[in-house]
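Asker: One structure, as structure tokens, below. Some questions next.
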């Protein structure tokens, strides 16, 4: 074994989450093991081991006797400089046979699914293998049993939070509707009324902002479990990023590839949502499903299927799920992007005169549903209770208290570079393409550039003059502003203006 | 644009075929363009451009003002050291919407498929996107029209050879059967009888030898198109490596990911085979489909489906395809590995007394089919014509002439290091594991070590004594011999000997 050892070198290359090992083409390990590019290699130190994808190096990037590691490989292995490691062919990943079975249309058992998820979580899958898995889930589809298995598997592979309460409320939005940032408002209202709502949210997957991205412009969201518990004990609610508490961690690994591929599977969506709810210890969950031609769910029929799946899988996992089908024909509020959406939230909470009415209404409806599902209000009384808590400042006080408990509240940033997109002709706003609007916001830098995004000036049905601004583009760098503008020039019809039919 | 320029550095990292660009996290281009890990980046020089996946570098691997390129990026871009390049976000790849449509089960049109293939060939797809494409093809399946479209698209994206002849014959083997090196014999026979057969072959992909690897031990195979034409004009046939003439180049890009995922799609296989035949200008093609438990096609039913598809798609593309289902339960001939297979071929051509009978029989059958399909012989007369040309030395003279025309004929090399694998008990040979036998030959160095591989001493049903040699291992270095022996020790049952049932 001694001659299969090499000294580890940190090359500082960030390959995203896929671990990569770099080895000289002429090294004795490469040659005797028969490694070629794209081989999977097992790296073992005294204390740790991982499987990485091999990149072969020619030239003098590495000295004889050295092997390089990517940042993710270095971190996962907890390697030390000049530490010695042993190298061998990665053992075959047995669970990949289940992926292949799924590709060929066979149903998977719960143990097979859990095996796949464990191997993904342990980093044993190459990115192209995760891509194949997700494509097969979407293309071949999953049965109800498989979705239940997928959800349970996702829960099993991560941590679980247990709250010492009978009722733990939660809300979720299926997404796809830019600016639909009701969560902070709903949490503030529900917690203000004494119903426990320890909310963990995700960062953006394919959208220009997730709730965690938006909340991060107001306070710290990267709390670990003990810190989250302290906030919830004190305030009865929180608004943190779910990733720090390792709930359903495999979901994040899958989502990373799902995002790069820009695909969504219903089954994957249901498992993703419900596994995080179960792992977070939620008992009563309201799910907002916006419907619109360019929202994530495009028609009432798909919404009904998804709604039914969520309720069925929820039942099998022992939680009460209520879905709410909502209008998804245009963005909610004005802002699209983390900071811009946070501004809308603050305007509603502070009852500013220019607060977006549609965002307030949606949040109140959802909060009312949560209050009713959790048994805090009688059926039909939730919405008025929610509205009252918002109007009289209790919700706003609660949001501030939660942000303070999470580490202090701050104002969202402003973008340094902006420009208006104007109407090319007069008429009424006939349609808004949510997907392309989101894409433009992302090209402008959202969500990683927090201040970047789009601020809408018009809504469906509004009359506009030629040359009047339809929306404003926000970016943190001139390059990003230019890039988004290039996209808008190629797609001038994102906000369609014309003669009303 | 000047401040989006960086000096190119060749890092010597072989990421296989996916082009990767390495940029410092703190460089002005990264920051102003908002690049993050896994972004797709467009790199433009004065003379060339490509799209690459971004790896962000922290630390001092690169100096400020530098950008690194992987080997494939460097080659594609034909970059020079310290050349300046400009960097920008890659434009969205429009054809990915067709991939998504396929994932969701929609049929693709021929222009959609061609669009996808053009973008793959141009390097605009990341590996995970190719993985999703191949998985969708396998999982959702392709209709006959789609397979025809895929085949035509693969042809359209590469070069095409036009021969000024009415009949251009070809033969192909679906593969998976070690030692099945009939091609040189078939070409020699067919060309000797005056039927034009300009054969392009591949190098080994997953096997210990491809026809091009084997032929390379006898003559030069790396001919460009004009050189290939000269050989064919003179001899009516050739035996060259197809890679030098860029026939269906996108196929190689797909196969690389298909192999890493270990999935086979029938549709993909049919398009892969026939696109190369059409691009090579073939009009009459015989395809050998070996069937066996450890061959590529495992049962008669799969073979029948594949056979039907090949014939149907061939018809739509205007070529005559005839398939031949053959026995794939054990290796053909004795040798496995480039030089060892070449020795078998030479023994058959020279009619040596120890020539492997099974190899001769298969080659004669296939050559007979080609002669009949091409109209040179009446139905039922091909095999005897082929056998005669082999027996009377015409085929051997033709093979020598072809090799001379390609640059001169040589004898295949002999391995310096060998050892016997002996039977541990007495009995009959009950089974031979083709896959593991191939793996052992590869571990011994094949196909890159030309003399390496395995020489079989027994065939199914042969009686053996304990201690009698089952096969001989050949390697060019003692290390490789040891490595292959280690594998054989771990798998003593590759040739299974026991009491006949």
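Chains as they are written, first to last, in my numbering: chain A, 43 to 543; chain B, 43 to 543. Ideal placement from N, C-alpha and C gives every residue a C-beta, glycine not left out. All of these numbers come straight from a predicted model, not from anything done at the bench.
(1) Kindly confirm or deny that the segment 224-237 of chain A and the segment 411-428 of chain A touch, where touching means at least three C-beta pairs closer than 8 angstroms.
(2) Does the beta carbon of residue 329 of chain A sit closer than 8 angstroms to a beta carbon anywhere in chain B?
(3) With 8 angstroms set as the bound, which would you pick, yes or no: does the beta-carbon of residue 85 of chain A sit closer than that to a beta-carbon of chain B?
(4) Does the Cβ-Cβ distance between residue 157 of chain A and residue 182 of chain A come in under 8 angstroms?
(5) Taking the straight line between their C-alpha atoms, what separation do you get for residue 466 of chain B and residue 433 of chain B?
(6) Determine whether the beta carbon atoms of residue 176 of chain B and residue 324 of chain B lie at a separation below 8 angstroms.
(7) Of the choices A:99, A:101, A:124, whose alpha-carbon is the least far from that of residue 52 of chain A?
(8) What three-state label does DSSP hand residue 72 of chain B in the structure shown?
(9) Short of 8 angstroms Cβ to Cβ, which residues in the segment 82-109 of chain B face chain C?
(10) Less than 8 angstroms between the beta carbons of residue 159 of chain B and residue 309 of chain B, yes or no?
(11) How many Å lie between residue 336 of chain A and residue 128 of chain B at the Cα?
(12) So for residue 86 of chain B, helix, strand or coil by DSSP?
(13) Expressed to the nearest angstrom, what Euclidean distance is found between the alpha-carbon atoms of residue 443 of chain B and residue 495 of chain B?
(14) Give me the Cα-Cα distance between residue 55 of chain A and residue 130 of chain B, rounded to the nearest whole angstrom.
(15) On the three-state DSSP scale, how would you describe residue 497 of chain A?
(16) Please report whether the beta-carbon of residue 311 of chain B lies at a distance below 8 angstroms from any beta-carbon of chain A.
(17) Pick helix, strand or coil for residue 116 of chain A, following the three-state DSSP scheme.
(18) Suppose contacts are defined by Cβ-Cβ distances below 8 angstroms. Is residue 517 of chain A in contact with residue 491 of chain A by that definition?
(19) Under 8 angstroms, CB to CB, which of the residues in the segment 237-265 of chain A have a partner in chain B?
(20) For the candidate residues A:539, A:259, A:231, whose alpha-carbon lies nearest to that of residue 474 of chain A?
(21) State the Cα-Cα distance for the pair residue 392 of chain B and residue 103 of chain A, rounded to the nearest angstrom.
(22) Excluding the 5 residues preceding and the 5 following residue 253 of chain B in the sequence, name in chain order all residues of the same chain whose CB lies nearer than 6 angstroms to its CB.
(23) Starting from residue 463 of chain B, trace the alpha helix (DSSP H) both ways and give me its first and last residue.
(24) Below 7 angstroms between beta carbons is the criterion; list the residues of the segment 133-144 of chain A that meet it against any residue of chain B, in chain order.
(25) Output yes if chain A places a C-beta closer than 8 angstroms to the C-beta of residue 303 of chain B; else output no.
(26) Would you check if the distance between the CB atom of residue 289 of chain B and the CB atom of residue 201 of chain B is smaller than 8 angstroms?
(27) Who are the neighbours of residue 54 of chain A on chain B, taking C-beta pairs under 7 angstroms?
(28) Compile a chain-ordered list of the residues in the segment 165-178 of chain B whose CB is closer than 9 angstroms to at least one CB of chain A.
(29) For residue 330 of chain B, list the residues DSSP reports as bridge partners.
(30) At what residues does the beta strand (DSSP E) containing residue 240 of chain B begin and finish?
(31) Would you mind sorting residue 347 of chain A into buried or exposed? The rule is 16 or more other CB atoms within 10 Å of its CB.
(32) Does the beta-carbon distance from residue 85 of chain A to residue 63 of chain A come in below 8 angstroms?
(33) For residue 539 of chain B, which three-state DSSP category applies?
(34) Measure the beta-carbon distance from residue 166 of chain A to residue 93 of chain A and round it to whole angstroms, keeping in mind my assumption that it falls under 8 angstroms.
(35) Buried or exposed: which applies to residue 507 of chain A, given that a residue is buried once 16 or more other Cβ atoms fall within 10 Å of its Cβ?
(36) I need the boundaries of the alpha helix (DSSP H) containing residue 474 of chain A, first residue and last residue.
Answerer: For this structure:
(1) yes
(2) no
(3) no
(4) no
(5) 39 angstroms
(6) no
(7) A:124
(8) helix
(9) This model lacks chain C altogether, as its protein chains are A and B.
(10) no
(11) 35 angstroms
(12) strand
(13) 28 angstroms
(14) 20 angstroms
(15) strand
(16) no
(17) helix
(18) yes
(19) none
(20) A:539
(21) 51 angstroms
(22) 225, 243
(23) From DSSP, residue 463 of chain B is part of no alpha helix (DSSP H) but of the beta strand (DSSP E) over 459-464.
(24) 142
(25) yes
(26) yes
(27) 99, 100, 101, 103
(28) 168, 169, 170, 171, 172, 173, 174, 175, 176, 177, 178
(29) B:215, B:366
(30) 239-243
(31) exposed
(32) yes
(33) strand
(34) 5 angstroms
(35) exposed
(36) Note, residue 474 of chain A: premise wrong, no alpha helix (DSSP H); beta strand (DSSP E) at 469-474.
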